[in-house]
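Chemist:
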Amino acid sequence: MAKEEPKRTCIGCRESLEKSKLLRFVLDPEGTVVPDLINKLPGRGAYTCMKASCIYKACERNQFSRAFKTNVPVADPEALQAWVIRSMEDRIASYLALANKAGKVVSGSDMVAEMLKRKVSVKKLILLAADISEDIGNRLRGLADLHGVEHVTLFTKDYFGELLGKGLRSVVAVQGDGFVETMTNEIDRYRNFLRGEGCAYE
Ligand SMILES: [Zn+2]
29 MAKEEPKRTC IGCRESLEKS KLLRFVLDPE GTVVPDLINK LPGRGAYTCM
79 KASCIYKACE RNQFSRAFKT NVPVADPEAL QAWVIRSMED RIASYLALAN
129 KAGKVVSGSD MVAEMLKRKV SVKKLILLAA DISEDIGNRL RGLADLHGVE
179 HVTLFTKDYF GELLGKGLRS VVAVQGDGFV ETMTNEIDRY RNFLRGEGCA
229 YE
């Protein structure tokens with residue numbers, strides 16, 4: 029039987045949740061609160077729900093000082109929130125670059141459309157740039173829906189191109205069970221955070 033996952037309390041809303049559902053924060057050597065998205069940084073951790081409002085509550089009530097049992101300079105919740113978002117984006121970007129190196133990425137609207145039409149039973153995930161043209165975006169979303177392939181909108185054409193070492197890319201497809209599963213989880217977490225979900229409080 030799987031071991032039960034340890035729980036931690038959100039220092040914002042006091043809700044107790046499994047560690048993997050929370051954001052971990054640590055103090056860096058200078059004594060600044062930093063997010064630790066991979067739960068690997070050394071030292072005592074403080075936890076909040078994956079929700080900006082819980083980060084704000086924790087900052088307002090100076091709960092980081094209490095959690096770290098030392099006087100932490102009051103963290104700026106807006107900066108902390110931006111940092112979490114950036115770290116989540118960096119992780120998604122790293123996985124995309126890794127998938128690209130592994131030959132698991134197809135990019136460009138024609139290539140992706142072709143790939144969607146082929147009936148291959150490998151898991152796929154379609155990433156559409158936020159600035160994709162409406163026509164192309166709708167066509168690809170329709171094709172993906174038709175073939176039961178998940179699609180999400182994030183990043184920009186420019187950023188996709190940069191990550192893949194190419195010119196502008198309005199759409200990217202990732203293939204392979206492992207990459208698709210990991211990236212889907214990362215993207216879900218990121219979008220939930222942006223939407224402000226993930227906490228029973230409020
Ligand atoms: Zn919370």
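So the sequence shown is numbered by the numbering used here: it starts at 29 and just counts up by one.
Heads up, the beta-carbon is just placed ideally off N, CA and C, and yes, glycines get one too.
All figures in this text were calculated on a predicted structure; none of them were measured in a lab.
Helix, strand or coil for Cys77 per DSSP?
Modeler: strand
Chemist: Keeping to the same chain, check which residues put their C-beta closer than 7 Å to that of Val310; ignore five residues upstream and five downstream.
Modeler: A query on residue 310 cannot be resolved here, the shown segment of the chain reaching from 29 to 230 and no further.
Chemist: Just to confirm before moving on: does the CB-CB distance between Leu171 and Asp186 stay below 9 Å?
Modeler: Cβ atoms of Leu171 and Asp186: not closer than 9 Å.
Chemist: Would you say the beta carbon of Gly73 comes nearer than 8 Å to a heavy atom of ligand 1?
Modeler: Because no heavy atom of ligand 1 lies under 8 Å away, the Cβ of Gly73 does not count as near it: no.
Chemist: Please return the same chain residues whose Cβ sits closer than 7 Å to the Cβ of Val61, not counting the five positions on each side in sequence.
Modeler: For Val61, where only same-chain residues beyond five positions count, the Cβ hits under 7 Å are Phe53, Leu55, Phe92, Val100, Ala103 and Leu108.
Chemist: Assign Val133 to one of two classes, buried (16 or more other C-beta atoms within 10 Å of its C-beta) or exposed (fewer than that).
Modeler: That one is buried.
Chemist: Give every residue of the same chain whose Cβ lies closer than 6 Å to the Cβ of Leu191, excluding the five residues on either side of it in the sequence, and list them in chain order.
Modeler: Ala121, Leu124 and Ala125
Chemist: Below 8 Å on the Cβ atoms is my guess for Ile160 versus Val199; work out the distance and round it to an integer in Å.
Modeler: 6 Å
Chemist: Look up Phe183 in the DSSP assignment and say whether it is helix, strand or coil.
Modeler: coil
Chemist: Applying the criterion that 16 or more other CB atoms from any shown protein chain within 10 Å of the CB defines a buried residue, is Val148 buried or exposed?
Modeler: Flag for Val148 reads exposed.
Chemist: Would you please state the rounded distance, in angstroms, between the beta carbons of Ala80 and Gly224? I believe it to be under 8 Å.
Modeler: 6 Å
Chemist: Expressed to the nearest angstrom, what Euclidean distance is found between the alpha-carbon atoms of Tyr229 and Lys145?
Modeler: Summary for Tyr229: the model assigns pLDDT 45, below 50, so the residue's position carries little reliability; its value from the coordinates is reported in the next sentence. Roughly 44 Å between the two C-alpha positions.
Chemist: Is it the case that the CB of Lys47 approaches a heavy atom of ligand 1 more closely than 8 Å?
Modeler: no
Chemist: Would you mind stating whether Leu182 and Val140 have Cβ atoms separated by less than 9 Å?
Modeler: no
Chemist: Run through the region 134-163 for me and flag every whole beta strand (DSSP E) of 3 or more residues, listed as ranges in chain order.
Modeler: 152-156
Chemist: With H, G and I counted as helix, E and B as strand and the rest as coil, what does DSSP make of Leu168?
Modeler: In the structure shown, Leu168 sits in a helix (DSSP, three-state: H, G or I).
Chemist: Spatial neighbours of Thr98 within its chain, please: CB distance less than 8 Å, with the 5 preceding and 5 following residues excluded, ordered by chain position.
Modeler: Leu55 and Gly59
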